[in-house]
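Residue numbers (this note's numbering): 605 to 721. Every residue gets a Cβ at the ideal spot worked out from N, C-alpha and C, and that includes glycine. In this text the structure is predicted, and so the values were computed from the model without any measurement. First up is the structure itself, then whatever we jot down about it.
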(Lines of atoms letter the chains of each structure in order from A; the text may use other names.)
(Lines give C-alpha, C1' and ligand atoms only; values in the text may rest on other atoms or scores of the structure.)
Protein backbone atom coordinates (compact mmCIF):
# COMPACT_ATOMS: atom_id res chain seq x y z
CA UNK A 605 0.00 0.00 0.00
CA UNK A 606 1.34 3.45 -0.94
CA UNK A 607 2.11 5.75 1.93
CA UNK A 608 0.24 9.07 1.81
CA UNK A 609 2.32 12.11 2.71
CA UNK A 610 0.92 14.56 5.19
CA UNK A 611 0.94 18.29 4.67
CA UNK A 612 2.48 20.60 7.24
CA UNK A 613 -0.96 21.77 8.28
CA UNK A 614 -2.09 18.19 8.86
CA UNK A 615 1.07 17.48 10.82
CA UNK A 616 0.54 20.52 13.05
CA UNK A 617 -3.11 19.52 13.55
CA UNK A 618 -1.94 16.19 14.90
CA UNK A 619 0.56 17.98 17.15
CA UNK A 620 -2.34 20.07 18.50
CA UNK A 621 -4.35 16.92 19.28
CA UNK A 622 -1.40 15.24 21.03
CA UNK A 623 -0.58 18.40 22.98
CA UNK A 624 -4.21 18.75 24.10
CA UNK A 625 -4.16 15.16 25.31
CA UNK A 626 -1.05 15.96 27.39
CA UNK A 627 -2.51 19.32 28.53
CA UNK A 628 0.36 21.34 26.98
CA UNK A 629 -1.23 24.69 26.12
CA UNK A 630 2.08 26.23 25.00
CA UNK A 631 2.53 23.60 22.29
CA UNK A 632 -1.13 23.93 21.26
CA UNK A 633 -0.75 27.70 20.82
CA UNK A 634 2.48 27.29 18.86
CA UNK A 635 1.03 24.68 16.48
CA UNK A 636 -2.18 26.66 15.93
CA UNK A 637 -0.11 29.76 15.16
CA UNK A 638 1.92 27.75 12.61
CA UNK A 639 -1.31 26.53 10.97
CA UNK A 640 -2.49 30.15 10.66
CA UNK A 641 0.83 31.18 9.08
CA UNK A 642 0.59 28.35 6.55
CA UNK A 643 -2.97 29.35 5.62
CA UNK A 644 -1.94 33.00 5.22
CA UNK A 645 1.03 32.06 3.02
CA UNK A 646 -1.11 29.80 0.84
CA UNK A 647 -3.69 32.54 0.27
CA UNK A 648 -0.95 35.01 -0.68
CA UNK A 649 0.49 32.48 -3.13
CA UNK A 650 -2.88 31.95 -4.78
CA UNK A 651 -3.41 35.72 -5.11
CA UNK A 652 0.01 36.09 -6.75
CA UNK A 653 -0.73 33.23 -9.14
CA UNK A 654 -4.08 34.77 -10.09
CA UNK A 655 -2.45 38.13 -10.73
CA UNK A 656 0.26 36.53 -12.88
CA UNK A 657 -2.34 34.55 -14.84
CA UNK A 658 -4.25 37.76 -15.58
CA UNK A 659 -1.07 39.48 -16.78
CA UNK A 660 -0.21 36.50 -18.98
CA UNK A 661 -3.72 36.49 -20.45
CA UNK A 662 -3.27 40.14 -21.46
CA UNK A 663 0.11 39.35 -23.02
CA UNK A 664 -1.42 36.38 -24.86
CA UNK A 665 -4.02 38.67 -26.41
CA UNK A 666 -1.29 41.10 -27.50
CA UNK A 667 0.61 38.22 -29.08
CA UNK A 668 -2.50 37.04 -30.94
CA UNK A 669 -3.11 40.58 -32.20
CA UNK A 670 0.50 40.84 -33.38
CA UNK A 671 0.38 37.48 -35.15
CA UNK A 672 -2.92 38.44 -36.80
CA UNK A 673 -1.15 41.34 -38.47
CA UNK A 674 1.94 39.35 -39.44
CA UNK A 675 2.19 38.18 -43.04
CA UNK A 676 4.52 35.24 -42.28
CA UNK A 677 5.23 32.93 -39.33
CA UNK A 678 7.32 34.69 -36.67
CA UNK A 679 10.13 33.43 -34.46
CA UNK A 680 9.84 33.62 -30.69
CA UNK A 681 12.39 36.45 -30.54
CA UNK A 682 10.43 38.50 -33.08
CA UNK A 683 7.17 37.99 -31.21
CA UNK A 684 8.76 38.84 -27.85
CA UNK A 685 10.42 41.98 -29.22
CA UNK A 686 7.21 43.19 -30.85
CA UNK A 687 5.17 42.71 -27.68
CA UNK A 688 7.91 44.11 -25.43
CA UNK A 689 8.68 41.07 -23.28
CA UNK A 690 11.58 38.63 -22.92
CA UNK A 691 11.76 35.40 -24.89
CA UNK A 692 11.72 33.53 -21.57
CA UNK A 693 8.30 35.02 -20.84
CA UNK A 694 7.03 34.69 -24.42
CA UNK A 695 7.87 31.00 -24.77
CA UNK A 696 5.39 29.59 -22.20
CA UNK A 697 2.68 32.00 -23.34
CA UNK A 698 3.15 30.88 -26.94
CA UNK A 699 3.09 27.23 -25.82
CA UNK A 700 -0.20 27.89 -24.04
CA UNK A 701 -1.63 29.47 -27.18
CA UNK A 702 -0.52 26.43 -29.20
CA UNK A 703 -2.19 24.13 -26.64
CA UNK A 704 -5.38 26.20 -26.97
CA UNK A 705 -5.06 25.82 -30.77
CA UNK A 706 -5.11 29.59 -31.26
CA UNK A 707 -1.57 29.60 -32.66
CA UNK A 708 0.22 27.12 -34.93
CA UNK A 709 3.85 26.13 -34.32
CA UNK A 710 6.19 25.09 -37.12
CA UNK A 711 9.86 24.04 -37.08
CA UNK A 712 12.42 25.08 -39.68
CA UNK A 713 16.07 24.26 -39.18
CA UNK A 714 15.62 23.65 -35.43
CA UNK A 715 13.92 27.03 -34.96
CA UNK A 716 10.28 27.43 -33.97
CA UNK A 717 7.98 29.77 -35.84
CA UNK A 718 4.48 30.79 -34.82
CA UNK A 719 1.49 31.90 -36.85
CA UNK A 720 -2.18 32.47 -36.14
CA UNK A 721 -4.22 29.27 -36.40
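Cross-strand partners of residue i (DSSP beta bridge)
i           : result
residue 656 : The partner list for residue 656 (beta bridge, DSSP) is empty, contrary to what the question assumes.
residue 718 : 678, 709
Whether residue i touches residue j by CB criterion (8 Å)
i           : j           : result
residue 667 : residue 641 : no
residue 643 : residue 616 : no
residue 713 : residue 680 : no
Same chain, Cβ closer than 8 Å to residue i, five either side skipped, listed in chain order
i           : result
residue 672 : 720
residue 683 : 667, 670, 671, 694, 698, 718
residue 687 : 663, 666, 667, 670, 694
residue 691 : 680, 681, 684
residue 700 : 660, 664
8 Å contact criterion, which residue i and residue j should meet: CB distance rounded
i           : j           : result
residue 613 : residue 639 : 5 Å
Cβ shell of residue i (< 6 Å), same chain only, five flanking positions each side left out
i           : result
residue 648 : none
residue 708 : 719, 721
residue 705 : 721
Residues near residue i in its chain [Cβ-Cβ closer than 7 Å; skip 5 each side]
i           : result
residue 620 : 632, 635, 636
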